[in-house]
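Going by the UniProt record's numbering, the first residue of the sequence shown is number 1, and it counts up by one from there.
Glycine is no exception: its CB is placed at the ideal position from the N, C-alpha and C atoms.
Since the structure is predicted, the reported quantities are computational estimates derived from the model, not experimental observations.
Shown next, in structure tokens, is the structure this report addresses.
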Amino acid sequence: AATGGWPTASSGPWGPPPGPGRPPYRGSWGTAGKNNRLQSQSCAQEEEQEADDLYMTDMPEPGQMEEDWLYMQQLYPNTARKLVYYIEDAADRLEYENSMMFDNYPDRIAVEQVVKEIIAVIQENDPALITMPEDTAVSERKGDQTWDSCIEEMIQIMLLGEMHHRRWRYQQMNRRNY
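Right under this line is the structure:
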């Protein structure tokens, strides 16, 4: 039975929501225990906690982030793993001072141009990589997007991920020089 649109404490595991005139949630997941702990903290403890948060001591090391990035790339599907070589090559060519890769807001048209260049290199070196498989059913070939546009979008997404990674790495390296 519900009263006022809310279930009663006995009608469900959570009981009524907390609020004016309502009891707080019961159990360790509720906010009542947290409020009591927060009230018992002294000002010095709060300031110490804020100082720890300020320096972000729990941030992972750049080397650990790089290892994590490489591991995640190993989890890519087969086709994507083969495309990584071409995407990293394009990103290597973009990794210079004042490159559009390091602009605050990289230009969408410039990114799309880099994607087209990547596709041209793939078509020249390994056209089977971006060609629709022969065993794909005719019914699967029809749809909102063509195979070419799907491949193009996948390359663009992977390029943007690689650019983001390199921008992060560039910022980390420059931060350490100060």
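Worksheet entry | Closest by C-alpha distance to A128, when choosing among I109, E66, T79, D107 | Here the closest residue by C-alpha is T79.
Worksheet item: Looking only at its own chain, which residues have a Cβ that is under 6 angstroms from the Cβ of L94, when we skip the five neighbours before and after it?
Response: Taken in chain order, the residues that qualify are M101.
Worksheet entry | Reduced DSSP secondary structure (H/G/I, E/B, other) of H164 | Residue state, collapsed to three classes: helix.
Worksheet entry | Same chain, Cβ closer than 6 angstroms to R81, five either side skipped, listed in chain order | In the same chain as R81, and ignoring 5 residues on each side of it, no C-beta atom comes closer than 6 angstroms to its own.
Worksheet item: Is DSSP giving P127 helix, strand or coil here?
Response: Three-state result, P127: helix.
Practice prompt. Evaluate M132 with the Cβ neighbour count: other Cβ atoms within 10 Å of its Cβ, from every protein chain shown; 16 or more gives buried, anything less gives exposed.
Written response: The residue is exposed, with fewer than 16 neighbouring Cβ atoms inside 10 Å.
Discussion item. Within the continuous alpha helix (DSSP H) that includes Y85, where are the two ends?
Written reply: From DSSP, the alpha helix (DSSP H) with Y85 extends over 78-94.
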